[in-house]
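A.B. asks: This is the structure I want to talk about, given as structure tokens.
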Amino acid sequence: MAAHRYDRVDTPGANRDQTALTDWLTVGATVALVALTAAGCANAPLDRAGSLQAYDDLTPSDGLVTRTLLKVAKDDVLAAKTIKIVPTTFSDAAGTVPFTPAQRGLVANAADRSLCAGLAERFQVVGPTEMADLTVHAVVTHVAATDPVAVGFSKGASVAKSVLLPAVPVPVPRIPIGLGSLSLEAEARDIKGQQKAAMIWGRAANALTDSGRVAENGDAYTLAVAFGDDFSKLLVKGETPFGKLPALPSIEKLGAQLGGAPKYPACEAFGRPPGLVGMLGDGIGLPPDWTDKGAAAHND
Numbered sequence: 001m002a003a004h005r006y007d008r009v010d011t012p013g014a015n016r017d018q019t020a021l022t023d024w025l026t027v028g029a030t031v032a033l034v035a036l037t038a039a040g041c042a043n044a045p046l047d048r049a050g051s052l053q054a055y056d057d058l059t060p061s062d063g064l065v066t067r068t069l070l071k072v073a074k075d076d077v078l079a080a081k082t083i084k085i086v087p088t089t090f091s092d093a094a095g096t097v098p099f100t101p102a103q104r105g106l107v108a109n110a111a112d113r114s115l116c117a118g119l120a121e122r123f124q125v126v127g128p129t130e131m132a133d134l135t136v137h138a139v140v141t142h143v144a145a146t147d148p149v150a151v152g153f154s155k156g157a158s159v160a161k162s163v164l165l166p167a168v169p170v171p172v173p174r175i176p177i178g179l180g181s182l183s184l185e186a187e188a189r190d191i192k193g194q195q196k197a198a199m200i201w202g203r204a205a206n207a208l209t210d211s212g213r214v215a216e217n218g219d220a221y222t223l224a225v226a227f228g229d230d231f232s233k234l235l236v237k238g239e240t241p242f243g244k245l246p247a248l249p250s251i252e253k254l255g256a257q258l259g260g261a262p263k264y265p266a267c268e269a270f271g272r273p274p275g276l277v278g279m280l281g282d283g284i285g286l287p288p289d290w291t292d293k294g295a296a297a298h299n300d
């Protein structure tokens with residue numbers, strides 16, 4: 001009987017010790033996470049490549065992790081019904097980054113595909129040879145490559161944490177070394193060639209929120225999608241996309257993001273998103289070209 005009473009007393013104590021250890025590990029991991037995140041941001045300058053018709057009256061409108069200068073003629077943009085996209089290009093300065101032509105192509109195409117999906121929420125997207133109320137073009141002005149070795153170590157640390165410390169509910173951030181960044185400038189011109197909206201956009205990968213891919217263009221590829229989403233929202237709403245509650249995407253956009261057919265055939269020129277395969281690849285850090293076939297013209 002005494003032994004039985006001893007077991008009943010000892011078990012809660014052991015549980016308390018285990019709980020205390022878990023709490024201590026959680027606090028320690030959180031402190032480390034905050035410290036790493038504070039240090040783990042790359043730089044994304046708002047460079048100018050000279051591709052915009054005008055840079056006058058651009059005003060800052062930053063998000064939580066994004067820096068922008070922008071302007072928009074709201075009434076003119078909202079009056080437009082049709083739009084077309086000139087494929088994104090790299091400026092001479094950004095083109096010196098050590099990406100292969102295929103890696104640059106995937107980054108540029110990711111921006112265009114994201115743009116097309118976002119613009120289709122309100123506009124009719126037409127092909128490059130058709131007349132349109134607005135024509136959109138973006139230029140990559142700055143890009144910093146990702147260190148694939150650092151991403152690989154980060155992925156390994158994440159796996160090790162899930163095996164060794166499964167009870168600690170804190171994600172493992174990336175090693176804040178070799179984080180990539182991306183900057184672009186873009187504008188929308190009307191049928192007379194007059195600028196109706198413009199944006200200079202810059203964002204760097206973050207050690208906490210961007211898990212990274214094991215490829216030099218890994219962060220640039222992910223950030224290109226974010227740019228396309230932001231610039232398309234500027235044109236769809238005629239106002240800054242920052243400082244607002246996120247809106248739910250349409251059924252058509254959700255279907256396209258999962259690899260289905262886009263709402264408008266013109267968007268097929270940029271290929272289809274890799275869907276669930278791409279999401280899985282992003283989660284485990286696969287290079288973009290392992291899951292993304294790129295623009296339709298390159299799909300042999």
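For the sequence shown, counting from 1, position 220 maps to 220 in the numbering used here; every step adds exactly one.
Just so you know, even glycine gets a beta-carbon here, dropped at the ideal spot from N, CA and C.
Is it the case that the stretch 50-58 contacts the stretch 181-197, given that we only count it when at least three CB pairs across the two stretches are under 8 Å?
C.D. replies: Touching, yes, given that three or more Cβ pairs across the two stretches are closer than 8 Å.
A.B. asks: Is the Cβ-Cβ distance between residue 273 and residue 257 less than 8 Å?
C.D. replies: yes
A.B. asks: Going by C-alpha distance, which of 88, 120, 215, 149 is nearest residue 237?
C.D. replies: 120
A.B. asks: Give me the DSSP bridge partner(s) of residue 69.
C.D. replies: 60, 200
A.B. asks: In whole angstroms, what separates the C-alpha of residue 77 from that of residue 122?
C.D. replies: In this model, residue 77 and residue 122 are separated by some 11 Å (Cα to Cα).
A.B. asks: Reducing DSSP to helix, strand and coil, say where residue 284 ends up.
C.D. replies: helix
A.B. asks: If I follow the unbroken alpha helix (DSSP H) through residue 102, where does it start and stop?
C.D. replies: First-last of the alpha helix (DSSP H) with residue 102: 101-119.
A.B. asks: Assuming residue 84 is part of the beta strand (DSSP E), what are its boundary residues?
C.D. replies: First-last of the beta strand (DSSP E) with residue 84: 82-90.
A.B. asks: Residues in the same chain with beta-carbon distance under 7 Å from residue 58, minus the five sequence neighbours each way, listed in chain order, please.
C.D. replies: In the same chain as residue 58, and ignoring 5 residues on each side of it, the C-beta atoms closer than 7 Å to its own belong to 69, 70, 71, 198, 200, in chain order.
A.B. asks: Under 8 Å between the Cβ atoms of residue 285 and residue 212?
C.D. replies: yes
A.B. asks: Distance check for residue 138 and residue 187, CA to CA, integer angstroms please.
C.D. replies: 7 Å
A.B. asks: Would you mind sorting residue 163 into buried or exposed? The rule is 16 or more other CB atoms within 10 Å of its CB.
C.D. replies: For residue 163, the pLDDT reaches just 42, beneath the cut-off of 50, and the residue's location in the model is therefore unreliable, although a value from the coordinates is still provided. With fewer than 16 other CB atoms across the displayed protein chains lying within 10 angstroms of its CB, residue 163 is exposed.
A.B. asks: Once the 5 residues before and after residue 73 are set aside, which same chain residues still bring their CB inside 6 Å of it?
C.D. replies: 196
A.B. asks: In angstroms, rounded to a whole number, what distance separates the CA positions of residue 124 and residue 219?
C.D. replies: C-alpha separation (whole angstroms): 30 Å.
A.B. asks: Applying the 10 Å Cβ sphere with the 16-neighbour rule, what's the burial state of residue 147?
C.D. replies: For residue 147, the number of other beta carbons within 10 angstroms of its own is at least 16, and it is reported as buried.
A.B. asks: Tell me, which residues are paired with residue 174 by DSSP?
C.D. replies: According to DSSP, which records beta bridges pairwise, residue 174 is partnered with nothing at all.
A.B. asks: Bridge partners of residue 143, per DSSP?
C.D. replies: 182
A.B. asks: For residue 81, count the other beta carbons within 10 Å of its own beta carbon; 16 or more makes it buried, fewer makes it exposed. Which is it?
C.D. replies: Burial call: exposed.
A.B. asks: Are the stretch 98-116 and the stretch 262-272 in contact at 8 Å, needing three or more beta carbon pairs?
C.D. replies: Contact holds: three or more Cβ-Cβ distances are below 8 Å.
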